[in-house]
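At position 17 of the sequence shown the residue is numbered 17 (UniProt numbering), and the sequence of numbers has no breaks.
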Amino acid sequence: MLSFLFDDLGVPQDYRHVEGFGVNTYTLIKKAGKAHYVKYSSFTGNPPCIIEKENNLKQPGERYRSLAPDRQERFIRRWADPSLGQKIASDLNLRPSI
């Protein structure tokens with residue numbers, strides 16, 4: 001996990017643009033008793049957005065003039081409001097483990 005944060009892709013702009021994966025293997029057991037070992041991974045429907053190297057250590061309000069520091073909170077409030085009808089796409093994949 002640590003190597004993913006510091007690779008050539010750069011630092012993600014926010015949590016909406018983070019693709020994740022599980023390092024653990026899980027066991028799924030069917031009703032018949034057969035066990036399958038799987039790993040989880042998730043992919044966002046958004047294109048990758050990264051922070052440029054020179055802006056890595058700046059505060060959110062400093063690095064982008066058009067983005068307010070409370071931008072993430074406002075996004076979550078809009079997303080969590082069911083009356084707006086907005087949905088965020090995300091894929092969760094199961095990969096068989098050997």
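Using N, Cα and C, we set each Cβ at its ideal position, and we do this for glycine too.
Task: Alpha-carbon spacing of residue 38 relative to residue 20, whole angstroms - done: 15 Å
Task: Extent of the continuous beta strand (DSSP E) to which residue 17 belongs - done: No beta strand (DSSP E) contains residue 17, which DSSP labels as neither H nor E.
Task: Straight-line Cα distance separating residue 27 from residue 49 - done: 33 Å
- [ ] Thinking residue 36 and residue 96 are a contact (beta carbons under 8 Å), I'd like their distance in whole angstroms, please.
- [x] 7 Å
TODO: Tell me residue 93's beta-bridge partners as DSSP assigns them.
DONE: 41
- [ ] Rank 42, 75, 31, 76 by C-alpha distance to the C-alpha of residue 22 and give the top, closest one.
- [x] Scanning 42, 75, 31, 76 for the CA closest to the CA of residue 22 turns up 42.
TODO: Note down the Cα distance separating residue 77 from residue 31, rounded to an integer number of angstroms.
DONE: 40 Å
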